[in-house]
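>
There are 2 protein chains.
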Amino acid sequence: MKFEVTILGSSSATPVYNRNPSAQLLNCNEKFYLIDCGEGTQQQLIRYGFKANKIDYIFISHLHGDHYFGLIGLLSSLHLNGRIKPMKIFAPAALAEILALQFQHSETIIRYPIEFEPIQADTPSMIFENADLSVETIILNHRIPCTGFSFVQKKRLRKLVVEKLEAEMVPIEYYPLLKRGVDLELPDGRVLLNLDYTTDSEDPKKYCYCSDTLYDERYLESIRGCDTLYHEATFLHEMLERANQTHHTTALQAAQIAQTTGARKLLIGHFSSRYKTLLPLLEEARSVFENTELATEGNTFTI
Amino acid sequence: MKFEVTILGSSSATPVYNRNPSAQLLNCNEKFYLIDCGEGTQQQLIRYGFKANKIDYIFISHLHGDHYFGLIGLLSSLHLNGRIKPMKIFAPAALAEILALQFQHSETIIRYPIEFEPIQADTPSMIFENADLSVETIILNHRIPCTGFSFVQKKRLRKLVVEKLEAEMVPIEYYPLLKRGVDLELPDGRVLLNLDYTTDSEDPKKYCYCSDTLYDERYLESIRGCDTLYHEATFLHEMLERANQTHHTTALQAAQIAQTTGARKLLIGHFSSRYKTLLPLLEEARSVFENTELATEGNTFTI
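Residue numbers (my numbering), protein chains in the order written: chain A, 1 to 303; chain B, 1 to 303.
1. Are residue 252 (chain B) and residue 237 (chain B) touching if we call contact CB-CB under 8 Å?
2. Nearest to residue 90 (chain B) by CA position, among B:83, B:274, B:128, B:48, is which residue?
3. Do we get a CB-CB distance below 8 Å when we pair residue 143 (chain A) with the residues of chain E?
4. I need the DSSP call for residue 216 (chain A), collapsed to helix, strand or coil.
5. So, with DSSP's three-state summary, where would you put residue 69 (chain A)?
6. Would residue 70 (chain A) count as contacting chain B if we go by Cβ distances under 8 Å?
7. Return the residues of the segment 18 to 38 of chain A that lie within a Cβ-Cβ distance of less than 9 Å from chain B, sorted by chain order.
8. Could you give the DSSP three-state label for residue 23 (chain A): helix, strand or coil?
9. What are the residues in the segment 51 to 79 of chain B lying within 7 Å of chain A by C-beta distance?
10. Give me the subset of the segment 100 to 133 of chain A whose CB atoms are less than 7 Å from a CB atom of chain B, sorted by chain position.
11. Taking just the CA atoms, how far does residue 288 (chain A) sit from residue 233 (chain A)?
12. Are the CB atoms of residue 15 (chain A) and residue 42 (chain B) within a distance shorter than 8 Å?
13. Assuming residue 154 (chain A) is part of the alpha helix (DSSP H), what are its boundary residues?
14. Counting along the chain, where does the beta strand (DSSP E) carrying residue 39 (chain B) start and finish?
15. Does residue 40 (chain B) come within less than 8 Å of chain A when only Cβ atoms are used?
16. Can you give me the start and stop residues for the beta strand (DSSP E) that residue 7 (chain B) sits inside?
17. Going by beta carbon distance, what residues of the same chain come within less than 6 Å of residue 5 (chain A), once the five residues before and after it are set aside?
18. Between the Cα of residue 313 (chain B) and the Cα atoms of B:163, B:151, B:33, which residue gives the shortest distance?
19. How is the beta strand (DSSP E) around residue 144 (chain A) delimited, first residue to last?
20. For residue 82 (chain A), tell me which candidate among A:260, A:212, A:112, A:70 has the shortest Cα-Cα distance.
21. What is the DSSP secondary structure of residue 161 (chain B), counted as helix, strand or coil?
22. Taking only three categories from DSSP, how would you classify residue 257 (chain B)?
23. What is the DSSP secondary structure of residue 301 (chain A), reduced to helix, strand or coil?
24. If you compare alpha carbons, which of A:70, A:48, A:64, A:47 is closest to residue 58 (chain A)?
25. Looking at chain B, is there any beta carbon in it that lies within less than 8 Å of the beta carbon of residue 43 (chain A)?
26. With a threshold of 16 other CB atoms inside 10 Å of the CB of residue 84 (chain B), please say whether the residue is buried or exposed.
27. Sorted by chain position, which residues of the same chain lie with C-beta nearer than 6 Å to residue 199 (chain B)'s C-beta, five sequence neighbours on each side aside?
28. Could you check whether the segment 140 to 158 of chain B touches the segment 200 to 217 of chain B, counting it as contact only if at least three pairs of C-beta atoms, one from each stretch, sit closer than 8 Å?
29. Taking the C-alpha atoms as reference points, what is the distance between residue 12 (chain A) and residue 98 (chain A)?
30. Which chain A residues are close to residue 46 (chain B), counting only those with a beta carbon under 9 Å from its beta carbon?
31. Under 8 Å between the Cβ atoms of residue 229 (chain A) and residue 266 (chain A)?
32. Secondary structure at residue 175 (chain B), three-state DSSP: helix, strand or coil?
33. Going by CA-CA distance only, name the one from B:203, B:202, B:179 that's closest to residue 192 (chain B).
34. Would you mind listing the alpha helix (DSSP H) stretches within the segment 40 to 120 of chain A that are 4+ residues and don't spill past its ends, in chain order?
35. For residue 269 (chain A), which residues does DSSP report across the bridge?
36. Is residue 97 (chain B) close to chain A? Criterion is C-beta to C-beta, closer than 8 Å.
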């Protein structure tokens, strides 16, 4: 099952050096989840060959503009391009008001349902679940209420050893039960032990997105043991004081968090406009946590 | 005196084919005026090498998103980048409310003054004037209230014939009076007739911006005799019915308007996403009005 994330924006605060504000596109089993939506996200989707209309779920971490100013344009374009299927948006409650005011003054009646789910940024909670994954909030510590998101795949069904089943002429009608781990007694009296005819599926993967936050141990439990951790790394550690003032994290701290919580891979992003080149941030993080990558525009990471 | 316009966006409704929604940057004597501000305008300014902080005046024609969704991001970035000088915004009144709501929820207190001037889209009126130009509204006919803008240069002072003045040892203190067209009597008794020592300055130029509108003869008087007319040309004339339904203009109509009103040059833009290539629109307009150009991204036109 495909589970990968494509970076659409890696810049904090303002667009600069061809870096766009925050946005990521998560593909889980060919369902598309947009995480944050800075200005120009719809243009980035076009640039990297994604159809915006495939997105059915949008998660907005907080109401600083670099994380949502592109949303109204994206929703408007979907309307103009004839979308009819619903869009589910998880975001701070005030965003519904902001969208409504803009639709009102353009006299736009969006022709597809926008299902708005307000997020309470106080305790971690599951806010969404379908057959592929579940999503829990991560309570971050920023200047305004801000939540990260933890995307956890569902455990897949067991895999059939099809060659053996076919060789022994097991009727295909029994396959679904075998996939679910059931031992079988067939009408002809044969008993099939599940473990002889199936193998375990892959362990479900976990992707955590920590958008804007001060280093704070309280959210570490929420991101423990994730396969890929995206964590903001706005500054080099020499700017720790500035990071603390603005409630952001340094590359070194992001790496320490990845190490402490047992992440397999770390993606860093949300880079300050003061950094024209990003190599120093990458090197600083790798000095603590080797398996770190820059979450820069157009790159896709398998989780 | 420099008087030129750079196109930052040429797309109607949605960004497509690397075309961005409407925005233009007018440079009059090194003062910068932004006209409309679709999503991604701040990125376009960076792309084409303009400093956003040089802009002191913003004119928004109407509240369809493709003409203003980039404004909040631009204003936020100016704030984050330390702007302190005022920004004057001319726009429909509701835009102030839309901006305020977004600043409120990001807990942003903009550190430079935003001087908001609401536009009444009912009768043509002068809304701005400085030493370089004046700006009048053009009452367009769109689905929601929409105004174009007519930028008219001030008549410049007379040009001195400096060689002659120097040869005759006329004291430099008299130059400002000569520039203003005054005849002089010098202390030594010489009489200088102004016409002997100055030449007329260039005629002031006029740039008209007609963003979104149905063909409507009522606004033609406002744009009569302009040097450069920007007029939307969303569709080819074969789509006239669709143009009428959506209150837009065809390329043929835009050219007829340029001809009827005696424009010297026509720029067409606001192209529908149905047109991957724009040559048919240009050819259609040129069949009526030869001096037509495509107002596409990154092109600068001297007015």
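Glycine included, each C-beta is placed from N, C-alpha and C at the ideal position.
Reading it off the structure:
1. yes
2. B:128
3. Although the question refers to chain E, the structure presented lacks it and instead comprises the protein chains A and B.
4. coil
5. coil
6. yes
7. 18, 20, 21, 38
8. strand
9. 63, 64, 65, 69, 70, 72, 73, 76, 77
10. 101, 102, 105, 106, 107
11. 14 Å
12. yes
13. It is not in any alpha helix (DSSP H) - residue 154 (chain A) carries neither H nor E in the DSSP assignment.
14. Residue 39 (chain B) -> no beta strand (DSSP E), and no H or E assigned at all.
15. yes
16. 3 to 9
17. 24, 26, 301
18. Here chain B covers residues 1 to 303 and nothing more, so residue 313 (chain B) does not appear.
19. Segment: none, residue 144 (chain A) is in no beta strand (DSSP E) and carries neither H nor E.
20. A:112
21. coil
22. helix
23. strand
24. A:70
25. yes
26. exposed
27. 159
28. yes
29. 22 Å
30. 15, 16, 17, 18
31. yes
32. helix
33. B:179
34. 41 to 47, 71 to 80, 94 to 105
35. A:232
36. yes
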